[in-house]
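Undergrad: Before anything else, here's the structure in question.
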Amino acid sequence: MINNIKDTALIFEGGGMRASFSSGITNVLLENNIYFDYVAGISAGSSCVVNYVSRDIERTKKSFVDFINDPNFAGLDQFLRGHGFFNSKYIYEESGLQNQALPFDFKTFFTNPAKVRLGSFQVDTGKTVYFSKKDMKDDLDVMKMTRASSTIPIAMPTPNINGLEYLDGGLGFSGGIPIDIALREGYKKFFIVLTREKDYKKEPMNNEMLLKLHFRHQPKLLDAILTRHE
Numbered sequence: 177m178i179n180n181i182k183d184t185a186l187i188f189e190g191g192g193m194r195a196s197f198s199s200g201i202t203n204v205l206l207e208n209n210i211y212f213d214y215v216a217g218i219s220a221g222s223s224c225v226v227n228y229v230s231r232d233i234e235r236t237k238k239s240f241v242d243f244i245n246d247p248n249f250a251g252l253d254q255f256l257r258g259h260g261f262f263n264s265k266y267i268y269e270e271s272g273l274q275n276q277a278l279p280f281d282f283k284t285f286f287t288n289p290a291k292v293r294l295g296s297f298q299v300d301t302g303k304t305v306y307f308s309k310k311d312m313k314d315d316l317d318v319m320k321m322t323r324a325s326s327t328i329p330i331a332m333p334t335p336n337i338n339g340l341e342y343l344d345g346g347l348g349f350s351g352g353i354p355i356d357i358a359l360r361e362g363y364k365k366f367f368i369v370l371t372r373e374k375d376y377k378k379e380p381m382n383n384e385m386l387l388k389l390h391f392r393h394q395p396k397l398l399d400a401i402l403t404r405h406e
């Protein structure tokens with residue numbers, strides 16, 4: 177398996193279901209045999225990363241177009257069962273197993289020599305951590321780390337990896353566009369897939385007092401949420 181673009185980093189911004197646009201770009205790249213050797217993503221962008229590296233056109237589309245209709249995807253019933261409003265364990269882990277809703281091609285993913293970076297917010301330290309294939313010891317790790325990059329506070333249960341809690345990478349330093357890791361690793365050219373307009377500026381969070389109460393024992397996380405617009 178060969179990648180034909182080695183001097184440019186492919187970067188996927190986060191953005192929830194706005195990444196349905198990103199999935200379209202992903203499939204255009206795959207359909208035209210455009211294979212980047214370095215791919216980084218945050219939050220919903222991480223799903224685009226793993227689908228792109230596994231070169232799975234069908235899964236890329238279904239992940240953001242069809243999957244939302246799955247009864248296990250989200251809802252008050254999921255919340256009442258303790259799965260979170262969005263059932264992230266099902267969305268990112270269980271559905272990717274063979275014979276499930278979105279079977280993932282782990283063999284192609286690991287065979288592909290492309291470098292992978294999935295950005296996640298480490299709750300205790302407040303630092304952005306980038307997972308790579310070296311961190312993924314088995315198939316389940318791929319799904320766990322994609323989930324860790326994409327977990328929305330309150331709306332989803334907080335995943336634990338090796339004793340540490342992780343949340344949506346968009347809470348970190350990069351602001352949802354993981355160009356920082358590519359720069360640190362020597363890349364100077366970027367193909368960036370955005371999910372917001374060029375002049376978008378995030379507004380401060382509402383309900384600051386409620387957030388302070390809810391996250392009073394997680395100061396790094398609280399600070400990240402309250403200052404994310406800066």
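Under the numbering used here, think of the first position of the sequence shown as 177, with each following residue one higher.
For every residue, glycine included, the Cβ atom is placed at its ideal position computed from N, Cα and C.
(1) Which residue's Cα is closest to the Cα of D344: N338, M321 and I244?
(2) Can you round the beta-carbon distance between A195 and A216 to whole angstroms, since I take them to be within the 8 angstroms contact cut?
(3) Looking only at C-alpha atoms, which of A331, N338 and S326 sits nearest to K313?
(4) Are the region 389–396 and the region 207–216 touching by the rule of at least three beta carbon pairs closer than 8 angstroms?
(5) Out of curiosity, what's the CA-to-CA distance linking V292 and F255?
(6) Please report the distance separating the alpha-carbon of S230 from that of G192.
(7) Could you round the C-beta distance between P354 and I181 to whole angstroms and report it? I think they count as a contact, below 8 angstroms.
(8) Using CA coordinates, which residue listed in T287, M319 and P279 is at the minimum distance from A220?
(9) Which same chain residues, not among the five before or five after K237, have their C-beta less than 7 angstroms away from its C-beta?
(10) Once you ignore the five residues that flank V305 on each side, which residues in its own chain have a CB closer than 6 angstroms to its CB?
(11) What residue range does the beta strand (DSSP E) around I178 cover?
(12) Who are the Cβ neighbours of L397 in its own chain at under 6 angstroms, not counting the five residues just before and after it?
(13) When you compare the CB positions of I187 and I368, do they come within less than 8 angstroms of one another, or not?
(14) Name the DSSP beta bridge partners of A250, please?
(15) For S223, which three-state DSSP category applies?
(16) Anyone know if the C-beta pair for G260 and A400 falls short of 8 angstroms?
(17) Under the rule that 16 or more other beta-carbon atoms within 10 Å means buried, what is D232, buried or exposed?
(18) Can you look up E361 in the DSSP assignment and give me helix, strand or coil?
(19) Between F197 and the rest of its own chain, which residues show a CB-CB distance below 7 angstroms, the 5 nearest in sequence each way excluded?
(20) Please state whether DSSP places L140 in a helix, a strand or coil.
(21) For K283, count the other beta carbons within 10 Å of its own beta carbon; 16 or more makes it buried, fewer makes it exposed. Which is it?
(22) With respect to the beta strand (DSSP E) encompassing D344, which residues constitute its N-terminal and C-terminal limits?
(23) Out of curiosity, what's the CA-to-CA distance linking D253 and Y266?
(24) Mind checking who F297 pairs with in its DSSP beta bridge?
TA: Let me spell this out:
(1) Counting from one through the sequence shown, the residue named residue 344 turns up at place 168. Selected option, being the one with the closest Cα: M321.
(2) To locate residue 195, count along the sequence shown from 1; it is residue 19. To locate residue 216, count along the sequence shown from 1; it is residue 40. Their Cβ separation, rounded to whole angstroms, is 14 angstroms, which puts A195 and A216 out of contact at 8 angstroms.
(3) Reading the sequence shown from its first residue, position 137 is the one you call residue 313. Cα-wise, what sits closest to K313 is N338.
(4) no
(5) As a position in the sequence shown, residue 292 is number 116, starting the count at 1. As a position in the sequence shown, residue 255 is number 79, starting the count at 1. Distance between the alpha carbons of V292 and F255 is about 32 angstroms.
(6) Sequence index remark: in the sequence shown, residue 230 carries index 54 (1-based). Sequence index remark: in the sequence shown, residue 192 carries index 16 (1-based). One C-alpha to the other measures close to 20 angstroms.
(7) In the sequence shown, the residue the question calls residue 354 occupies position 178. In the sequence shown, the residue the question calls residue 181 occupies position 5. Not quite, the Cβ-Cβ distance comes to about 17 angstroms (not below 8 angstroms), so this is no contact.
(8) Here residue 220 corresponds to residue number 44 of the sequence shown, with the count starting at 1. The residue with the shortest Cα to Cα distance from A220 is M319.
(9) Position 61 of the sequence shown, counted from the start, is the residue given in the question as residue 237. Correct list, in chain order: S199 and N203.
(10) What you label residue 305 is simply residue 129 of the sequence shown in a count that begins at 1. Around V305: S296 and Q298.
(11) What you label residue 178 is simply residue 2 of the sequence shown in a count that begins at 1. First-last for I178: undefined, no H or E at that position.
(12) Here residue 397 refers to the residue found at position 221 of the sequence shown. Cβ within range, chain order: V299 and F391.
(13) Your numbering for residue 187 matches position 11 in the sequence shown. Your numbering for residue 368 matches position 192 in the sequence shown. Cβ atoms of I187 and I368: closer than 8 angstroms.
(14) Locating residue 250 in the sequence shown gives position 74, where the first residue counts as 1. A250 pairs with F262.
(15) Residue 223 sits at position 47 when you count from the first residue of the sequence shown. S223 falls in the helix class under three-state DSSP.
(16) Mapped onto the sequence shown, residue 260 falls at position 84. Mapped onto the sequence shown, residue 400 falls at position 224. In this structure, A400 does not lie closer than 8 angstroms to G260 by Cβ.
(17) What you label residue 232 is simply residue 56 of the sequence shown in a count that begins at 1. With 16 or more Cβ atoms within 10 Å of its Cβ, D232 is classed as buried.
(18) Reading the sequence shown from its first residue, position 185 is the one you call residue 361. Three-state DSSP puts E361 in coil, outside helix and strand.
(19) Counting from one through the sequence shown, the residue named residue 197 turns up at place 21. Here the set comprises T371.
(20) No answer is possible for residue 140: it lies beyond the span of the chain, which begins at 177 and ends at 406.
(21) Residue numbering aside, residue 283 sits at position 107 when the sequence shown is read from its first letter. It is exposed - the Cβ of K283 has fewer than 16 other Cβ atoms within 10 Å.
(22) As a working note, residue 344 is residue 168 in the sequence shown. First-last of the beta strand (DSSP E) with D344: L340 to D344.
(23) By one-based count along the sequence shown, residue 253 stands at place 77. By one-based count along the sequence shown, residue 266 stands at place 90. Answer to the nearest angstrom: the Cα atoms are 14 angstroms apart.
(24) Here residue 297 refers to the residue found at position 121 of the sequence shown. In DSSP, F297 forms a bridge with T304 and L343.
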